[in-house]
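One structure below.
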Amino acid sequence: MNVNRKTIFRLKQRLYETDTVIGRPRSGRPRCTTQRQDRDLVRNYVNNRLLSASASSRQTRGSNNQRIKANTVKRCLSTSGLRPRRPCIGPILTQRHRYQRRYAPRNMARGIASNGEVSYSVSNLDSALTMLMAVYVCGEGAVKDTK
Numbered sequence: 001m002n003v004n005r006k007t008i009f010r011l012k013q014r015l016y017e018t019d020t021v022i023g024r025p026r027s028g029r030p031r032c033t034t035q036r037q038d039r040d041l042v043r044n045y046v047n048n049r050l051l052s053a054s055a056s057s058r059q060t061r062g063s064n065n066q067r068i069k070a071n072t073v074k075r076c077l078s079t080s081g082l083r084p085r086r087p088c089i090g091p092i093l094t095q096r097h098r099y100q101r102r103y104a105p106r107n108m109a110r111g112i113a114s115n116g117e118v119s120y121s122v123s124n125l126d127s128a129l130t131m132l133m134a135v136y137v138c139g140e141g142a143v144k145d146t147k
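Note that my numbering numbers the sequence shown so that position 55 is 55, with each residue one more than the last.
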């Protein structure tokens, strides 16, 4: 059974003394959720990451049919190594968006437009300095002024 002998001996002794193997009440604050409810909360969160802590607290009744608080759900998830987060609200990114997000800073630093030409807009001092550097490095015909 892969259980230590002393564990079996203690369970057997407790059964003879108290006619049950269920643990005795301990000191400390009573729990508002059972271990099974904690497991259910974790399972529900893993299956549905969009479920907020307050929504799952409204769905779950604690022991003695009490309402549990959102902080209880957060604490339960954090003990399991999970963090209840709100879903990010924003546009769905396509493959092109991901490519531009990844490579746009490099291309902007080099001054390369999407069509391959070097183009700058002279709107502030930094752009003007960048344009002068591009003229110096690439030559006069490589720079287009866009406004």
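By construction, the Cβ of each residue, glycine as well, lies at the ideal position given by its N, Cα and C atoms. All figures in this text were calculated on a predicted structure; none of them were measured in a lab.
Straight-line measurement puts the Cα of Cys76 at about 13 Å from the Cα of Gly62. Tyr16 and Phe9 have their C-alpha atoms some 11 Å from each other.
Secondary structure of Arg61 (DSSP, three-state): strand. Leaving aside the five residues that flank Thr20 on each side, the residues in its chain whose CB is nearer than 8 Å to its CB run, in chain order, Arg14. Closest option to Asn48, judged by alpha-carbon separation, among Lys6, Thr33 and Leu82: Leu82. Exclusion of the five residues before and after Asn4 leaves no residue of its chain whose Cβ lies closer than 8 Å to its Cβ. Non-local beta-carbon contacts of Ser80 in its own chain, meaning distances under 7 Å to residues more than five positions away in sequence, involve Val42 in chain order.
In this model, Arg58 and Tyr103 are separated by some 45 Å (Cα to Cα). Between Thr18 and Ile68, the C-beta gap is not smaller than 8 Å, which leaves the two residues out of contact.
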